[in-house]
Amino acid sequence: MTIPGPSAAGWVESVGPAGAPIRRFPVGLSAEALALAWARTDQGPAHGAVVVEREVSARGLHGRLWATPAESTLAVSVILRPVLPADEADVVWLAGGLAAVMGAVAAGASPDLATCWPDAVVNIATNEPVAMVKAESQLGPGRVRSAVVTVRFDLRRLGLTGQAEGLLTSVLEAMVAAAADLDEDASGVAALYSARCSLVGSRAKATLLPKGESRGVVRTADRQGRLVLESATGMVERIGIHQLRALEVVP
0 MTIPGPSAAG WVESVGPAGA PIRRFPVGLS AEALALAWAR TDQGPAHGAV VVEREVSARG
60 LHGRLWATPA ESTLAVSVIL RPVLPADEAD VVWLAGGLAA VMGAVAAGAS PDLATCWPDA
120 VVNIATNEPV AMVKAESQLG PGRVRSAVVT VRFDLRRLGL TGQAEGLLTS VLEAMVAAAA
180 DLDEDASGVA ALYSARCSLV GSRAKATLLP KGESRGVVRT ADRQGRLVLE SATGMVERIG
240 IHQLRALEVV P
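Numbering that gives the first Met the number 0 applies: residue 0 is where the sequence shown begins, and numbers increase by one.
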């Protein structure tokens, strides 16, 4: 990818693997804030990406801080324009997690990477988190108008120190593929995500917002992005991403 000089607006723009622009910022509030502004005000194109070298406020689900130093982080946000009804907006979280795993493995990271609902990528061999996913959707009447998926990678834990450019290319390619899969069949994306999810088959306790909890065996994630738990009595409960306060594996 050829990188020209900085624009008057302060970013450097190049062309990504799908032919969509990549805007690179040396510093910014967060990658997703810049991508959301682009998507909403400038009608940013599908697969357009924002990369920020140093984020002022790198936060994930429920404002959780990303603590990895900037020099060991690749932070990228991608604009998607999926053909989805509004009640399936949260399946974009699953598409982002799946793309993060597939892109990192394609770039040379361990094949032991797995998704971990709702927002993490983990190395199941070391039990270490290696990436954090966040998705934000803009809704129109009954549909998703646009979505921004943000992934922050820990390059050191991935074993990809100094290889951010190769990882970026692989992740953008994986995002394009995930977006095409979303348009074709959100259930298929949920199934692929679940097949790579480290929690499936484990007993888990979900602490809910504003209060309450659910326990059961993790069976899958569904096309609305929800975690499906089955209790000892066979009762099935579906936990939405924004219902969740905390999730832990229990004996």
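Glycine residues also receive a C-beta, built at the ideal position from the N, C-alpha and C atoms.
For L33 and P5, the rounded distance between their alpha carbons: Bear in mind that a pLDDT of 46 at P5, under 50, signals an unreliable position, so the number given afterwards is only what the model happens to contain. Straight through space, the alpha carbons of L33 and P5 are spaced by roughly 16 Å.
Own chain residues within Cβ distance below 7 Å of L159, not counting five before or after: Excluding five sequence positions before and after L159, the CB atoms of its chain that fall closer than 7 Å to its own CB belong to A106, G107, A108 and L166, given in chain order.
For L198, the first and last residue of its enclosing alpha helix (DSSP H): Membership of L198 in any alpha helix (DSSP H) is not indicated, and neither H nor E is assigned to it by DSSP.
Classification of T1 by the beta-carbon crowding that lies within 10 angstroms, buried from 16 upward: Any answer about T1 is weak, because its pLDDT of 41 lies below 50 and its placement is not dependable; what the coordinates show is given next. Label assigned to T1: exposed.
Nearest-angstrom Cβ-Cβ length linking K204 and R218, presumed shorter than 8 Å: Between R218 and K204 the Cβ distance is about 15 Å, and since that is not below 8 Å, they are no contact.
Contacts around F152, its chain only, beta-carbon distance under 6 Å, and the 5 residues preceding and following it disregarded: Apart from sequence neighbours up to five positions away, the residues of its chain that approach F152 with a beta-carbon distance below 6 Å are L73 and A130, ordered along the chain.
For T40 and V120, the rounded distance between their alpha carbons: V120 and T40 have their C-alpha atoms some 31 Å from each other.
CA-to-CA distance, T114 to T67, given in whole angstroms: Looking at the two C-alpha atoms, the distance is approximately 19 Å.
Counted within 10 angstroms of its Cβ, other Cβ atoms place P25 as buried (16 or more) or exposed: Exposed, by the Cβ-count rule.
DSSP three-state assignment for P5, whether helix, strand or coil: With a pLDDT of 46 at P5, under the threshold of 50, the modelled position of this residue cannot be trusted; read the value that follows with caution. Three-state DSSP puts P5 in a strand.
Residue range of the unbroken alpha helix (DSSP H) whose run includes E164: A163 to E183 is the extent of the alpha helix (DSSP H) around E164.
Endpoints, alpha helix (DSSP H) assigned at E31: In this chain, the alpha helix (DSSP H) harbouring E31 covers A30 to T40.
Close-in-space but distant-in-sequence residues of the same chain around A177 (CB under 7 Å, 5 per side omitted): Within the same chain, A177 has close Cβ partners A94, L97, A98 and V188.
8 Å Cβ cutoff, M234 in contact with chain B: You won't find chain B in this structure, because it holds only one protein chain.
For S145 and A38, believed in contact at Cβ under 8 Å, the rounded distance: Correct: roughly 5 Å between the Cβ atoms.
Collapsed DSSP secondary structure at V77 in the structure displayed: V77 falls in the strand class under three-state DSSP.
Contacting residues, own chain, Cβ-Cβ under 7 Å from A7 (five flanking each side not counted): The predicted position of A7 is uncertain, since its pLDDT is 45 and thus under 50; no value can be drawn from it.
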